[in-house]
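Take a look at the structure set out below.
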Amino acid sequence: MSDLELWYNKPASTWTEALPIGNGRLGGMVFGDISRERLQLNESTFFTGGPYAPLNPEARESLGEVRRLIFAGQYREAEALAHKHMMAKPYLQMSFQPIGDIIISFHHQMNAPDYRRSLDLDTAIATTRYTAGKVTYTREAFVSPVAGVLVYRVSSNQPGAVNIDIGMSSPQNGDARPSEANQIAYFGHNRREQGVAGALKFGFAARVLASGGLVTNSPETIRVQRADSALVLVDAATSFRRFDDVSGDPEVLIAERLDAAAKLSYEQLRKEHVAEHKRLFGGLTLDLGHTSAADRPTDERIVNYGTSSDPALATLFTQYGRYLMISSSRPGTQPANLQGLWNEEIKPSWGSKYTTNINLEMNYWLPDPANLAECFEPLIALVEDVAETGKATAQVHYGARGWVLHHNTDLWRATGPVDGPQWGLWPMGGAWLCAQLWDHYQFSGDPKLLARIYPLMRGATEFLLDYLVESPDNGALVTVPSVSPENVHPFGSSLCAAPAMDNQIIRDLFAGVIEASTSLGVDAELRAQASAAVARLNPDRIGKEGQLQEWAEDWDLEVPEPLHRHVSHLYGVYPSWQMSRSETPEFMAAARKSLDLRGDDATGWGIGWRLNLWARLGDGERAAAVLLKLLSPDRSYPNLFDAHPPFQIDGNFGGAAGVLEMLVQSRRGHIEVLPALPLQWPTGSVRGIRARGGFVVDVSWRNSRLLSADVHGRPGQWVVLHFGALSTEVVIPANGEAQVSFAEGRFINERALQPKG
Numbered sequence: 096m097s098d099l100e101l102w103y104n105k106p107a108s109t110w111t112e113a114l115p116i117g118n119g120r121l122g123g124m125v126f127g128d129i130s131r132e133r134l135q136l137n138e139s140t141f142f143t144g145g146p147y148a149p150l151n152p153e154a155r156e157s158l159g160e161v162r163r164l165i166f167a168g169q170y171r172e173a174e175a176l177a178h179k180h181m182m183a184k185p186y187l188q189m190s191f192q193p194i195g196d197i198i199i200s201f202h203h204q205m206n207a208p209d210y211r212r213s214l215d216l217d218t219a220i221a222t223t224r225y226t227a228g229k230v231t232y233t234r235e236a237f238v239s240p241v242a243g244v245l246v247y248r249v250s251s252n253q254p255g256a257v258n259i260d261i262g263m264s265s266p267q268n269g270d271a272r273p274s275e276a277n278q279i280a281y282f283g284h285n286r287r288e289q290g291v292a293g294a295l296k297f298g299f300a301a302r303v304l305a306s307g308g309l310v311t312n313s314p315e316t317i318r319v320q321r322a323d324s325a326l327v328l329v330d331a332a333t334s335f336r337r338f339d340d341v342s343g344d345p346e347v348l349i350a351e352r353l354d355a356a357a358k359l360s361y362e363q364l365r366k367e368h369v370a371e372h373k374r375l376f377g378g379l380t381l382d383l384g385h386t387s388a389a390d391r392p393t394d395e396r397i398v399n400y401g402t403s404s405d406p407a408l409a410t411l412f413t414q415y416g417r418y419l420m421i422s423s424s425r426p427g428t429q430p431a432n433l434q435g436l437w438n439e440e441i442k443p444s445w446g447s448k449y450t451t452n453i454n455l456e457m458n459y460w461l462p463d464p465a466n467l468a469e470c471f472e473p474l475i476a477l478v479e480d481v482a483e484t485g486k487a488t489a490q491v492h493y494g495a496r497g498w499v500l501h502h503n504t505d506l507w508r509a510t511g512p513v514d515g516p517q518w519g520l521w522p523m524g525g526a527w528l529c530a531q532l533w534d535h536y537q538f539s540g541d542p543k544l545l546a547r548i549y550p551l552m553r554g555a556t557e558f559l560l561d562y563l564v565e566s567p568d569n570g571a572l573v574t575v576p577s578v579s580p581e582n583v584h585p586f587g588s589s590l591c592a593a594p595a596m597d598n599q600i601i602r603d604l605f606a607g608v609i610e611a612s613t614s615l616g617v618d619a620e621l622r623a624q625a626s627a628a629v630a631r632l633n634p635d636r637i638g639k640e641g642q643l644q645e646w647a648e649d650w651d652l653e654v655p656e657p658l659h660r661h662v663s664h665l666y667g668v669y670p671s672w673q674m675s676r677s678e679t680p681e682f683m684a685a686a687r688k689s690l691d692l693r694g695d696d697a698t699g700w701g702i703g704w705r706l707n708l709w710a711r712l713g714d715g716e717r718a719a720a721v722l723l724k725l726l727s728p729d730r731s732y733p734n735l736f737d738a739h740p741p742f743q744i745d746g747n748f749g750g751a752a753g754v755l756e757m758l759v760q761s762r763r764g765h766i767e768v769l770p771a772l773p774l775q776w777p778t779g780s781v782r783g784i785r786a787r788g789g790f791v792v793d794v795s796w797r798n799s800r801l802l803s804a805d806v807h808g809r810p811g812q813w814v815v816l817h818f819g820a821l822s823t824e825v826v827i828p829a830n831g832e833a834q835v836s837f838a839e840g841r842f843i844n845e846r847a848l849q850p851k852g
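Letter 726 of the sequence shown, counting from 1, is numbered 821 in our numbering, and no numbers are missing.
Structure below.
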């Protein structure tokens, strides 16, 4: 068995047993039923509604009074006033939608005792294979990033044995086109939501090609009889071009892609798809060990993970996260949403859109360390869009310069506060995303990237400089109104002034703007303003129980939900580097106390965040225990999709990032190898982890001891390499690769040993 394969000995009976395929734009779920294959389709731009601007002119008029009430401790009154006058109109946003299904009915014997269904992460091909009667059938499915279409092939080991009917259905408003020229199609219009009229045209089509046999059309289906093999090419499209432009023609787009794909042989389509997928997927290899438990079907491994030694399941989970990232986020596509690219529900949970108080950011913790930097591109494009739409929100709602994004956005790049003030009146979504763009830049140091993201960071900084006000209590600059995302403090509300997370995000963003503007030689006045503002923020504080405080006041042990899923106040530990074991041990101890108080069990993504935090704290055993929770049947579906519940992909991405964080951590000038290696992974290797500063790191270990660390970078670069309490300076030689071995308790290279510090 391969450590890069999900496999099962029965068809999928539910959506969370089906196998996902995708090329960033077009997604499919493959079920593999013997008699009736279902290919459930999504297209990344198919949302409800149309271009809209959810602005509320009343918000600015009420801002001063809401602030006064919060400063007076009248939190419920502040929330009631904000609910009435400060929320976006409409109150909710648009939701991601399914396109429809391709249904393939099979005419052969239904008894198949040797059935096997699999997803090969290395080739990005879903395969179903079985013997019915005396004929062995093989079905292969993939979504080509080269041809841009879903490719589904049915073949048999005997000539003339393929007999299938191909049909389609959709839950959306539209009509099936009469079947002709070996093609079926469905075109329609998207739904309205929250009073916003549907503005998108959409369609999907399937074209059928057969080797041998006969292909015939009936009004709504295509029949293949007595063929040696059959090839089904599927595409979907919408009229979306930009958040303010829906003038595209889905019929033309679909026809162009299907026409081009139909000119190629299956072998050529497959070869080009595999090569392009491997170009990205092959950038990182991982081995955490292998036991006989890995020989079982994937669903059984998930059930048994807590009671059997199966380190290869952690490997599979991590590489599956990379596979899902490649499949749902490529340059030119939409970013991965709450469900990545895959959704079958008309009313998906939380709209399956973009939640920016953790979930969207968590989706993109993975690409940089996982050597998938180009998969980060759609997130930059989204921030460029919301920086446009967020200007009006900043001005209309707050009378501020720059731009703002609250805790959610959608295809139409809505930026106003939604859902209710206890969730939505958090003005930090854009700032967090910009801090994340700055961290993305730290991995490459690409000057073109810096020039691209700096205007976005500047606009988010301008907004916050205008939004910050002086606290009447101590004169500090505070964000108000704000919330510590989704948590309720002891006074029956979420609204507050200057929660810890806000200050931590501002420090990261302003530090990035100060450094970037200096490097670019621009905005000296803005730089001075940001520097002065940072000095006036409330510091991080340790509470009476030794915990890191979530709010400016020591409320943590009085909250109504002490085991809350969010751990927002620990942003400074991860994903930020404001706190570390070497430089701020007292704050790391307080963070550990906060984690102990909050508990390790949470939603799927909540466990994923905790996994990264325990890794940063250097506790490999606690991190492994948290990973066990994430890979339990309560938090992982049979197809390894993360269960919030229901499915949310952020747990997959955050969990995979956490495994890599256990193996390699990096910050400017420093790389630490095996900082949180658990006893369950005594021997292994990882090759291809990217580190901040433009480095790529390969690490191998045996019996829980480092064997070697190879650091790749630009000639002349230097970095301090850490393992445990030891460190050594590494200078990249002319060939771009420094090899550092470890034996007998010391590093072996050209530099002298030096203590870590």
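From the three backbone atoms N, C-alpha and C, an ideal C-beta is built for every residue, glycine too. For clarity, every value in this text was computed on a predicted model and none was experimentally measured.
By the DSSP assignment, the beta strand (DSSP E) with Arg212 in it spans what residues? 211-215
Own chain residues within Cβ distance below 6 Å of Gln289, not counting five before or after: The answer, listed in chain order, is Pro185, Leu187.
Just curious, the beta strand (DSSP E) that Met182 is in, first and last residue? No beta strand (DSSP E) holds Met182; DSSP gives it neither H nor E.
Could you check the C-alpha separation between Glu362 and Leu467 for me, to the nearest Å? Computed Cα separation, rounded: 27 Å.
Look at the Cβ atom of Val754, then the Cβ atom of Glu767, and state whether they are nearer than 9 Å. no
Contact between the stretch 433-440 and the stretch 389-407 (3+ Cβ pairs under 8 Å): no
Count the other C-beta atoms from every protein chain shown that fall within 10 angstroms of the C-beta of Glu557, then say buried if there are 16 or more, exposed otherwise. buried
Using DSSP's beta-bridge definition, name the partner residues of Val310. Val319
Nonlocal neighbours in the same chain, by C-beta distance under 7 Å from Pro273, ignoring five residues either side: Pro314
Would you say Ser671 and Met683 are within 9 Å of each other, going by their C-beta atoms? Their beta carbons are not under 9 Å apart, which means Ser671 does not touch Met683 by this criterion.
Across which residues does DSSP place Val825 in a beta bridge pair? Val814
What is the rounded straight-line gap between the Cα of Trp663 and the Cα of Thr410? A small fix is needed here, since residue 663 is Ser in this sequence, not Trp. Cα-Cα distance, rounded: 28 Å.
Candidates Val794, Lys639, Ala710, Ser190: closest to Gly145 by CA position: Ser190
Return yes when the Cβ of Leu295 is within less than 9 Å of the Cβ of Ser334, no when it is not. yes
Within 10 Å of its beta-carbon, does Ser589 have 16 or more other beta-carbons around it, so buried, or fewer, so exposed? buried
Within 9 Å, strictly: CB atoms of Ala612 and Arg553: The sequence given here has Ser at residue 612, not Ala. Result yes, Cβ atoms of Ser612 and Arg553 sit closer than 9 Å.
Three or more beta-carbon pairs under 8 Å between the stretch 463-480 and the stretch 366-383, yes or no? yes
C-alpha distance - Arg846 paired with Leu772, whole-angstrom precision: With a pLDDT of 42 at Arg846, under the threshold of 50, the modelled position of that residue is not reliable, and no figure is offered here.
Do Val230 and Arg321 have their C-beta atoms within less than 9 Å of each other? no
Quick one: what's Pro115 bridged to in DSSP? Met124
Within 10 angstroms of the Cβ of Ser614, are there 16 or more other Cβ atoms? Answer buried if so, exposed if not. exposed
With DSSP as the reference, label Phe167 as helix, strand or coil. It should be noted that the sequence gives Ala, not Phe, for residue 167. Coil, per DSSP.
Consult DSSP for Met263 and reduce its assignment to one of helix, strand or coil. strand
When we look at the beta-carbon of Leu652 and count the other beta-carbons within 10 Å, is it buried (16 or more) or exposed? The residue is exposed, with fewer than 16 neighbouring Cβ atoms inside 10 Å.
Measuring alpha carbon to alpha carbon, tell me which residue in Ile827, Gly819, Asp805 is nearest Trp813. Ile827
Counting along the chain, where does the alpha helix (DSSP H) carrying Ser853 start and finish? This structure cannot settle anything about residue 853, because the visible part of the chain is limited to 96 through 852.
Kindly identify the DSSP beta-bridge partner or partners of Glu100. Asp215
Going by the CB atoms, is the gap between Asp260 and Ser200 shorter than 9 Å? yes
Looking at the secondary structure, which residues open and close the beta strand (DSSP E) in which His765 lies? First-last of the beta strand (DSSP E) with His765: 765-768.
Which residue marks the beginning of the beta strand (DSSP E) containing Ala332, and which one marks its end? 324-333
If we ignore side chains and look at the alpha-carbon of each, how far apart do Tyr103 and Gln414 end up? 18 Å
Have a look at Asn399, Glu235, Glu172, Leu136 and flag the residue whose alpha-carbon is nearest the alpha-carbon of Asp729. The shortest C-alpha separation from Asp729 is found at Asn399.
Endpoints, beta strand (DSSP E) assigned at His807: 800-807
Counting Cβ pairs closer than 8 Å, one from the stretch 201-211 and one from the stretch 265-281, do we hit at least three? no
May I ask which residues mark the beginning and end of the beta strand (DSSP E) holding Glu132? 131-138
What does the Cβ neighbour count give for Thr311, buried or exposed, with the cut at 16 atoms within 10 Å? exposed
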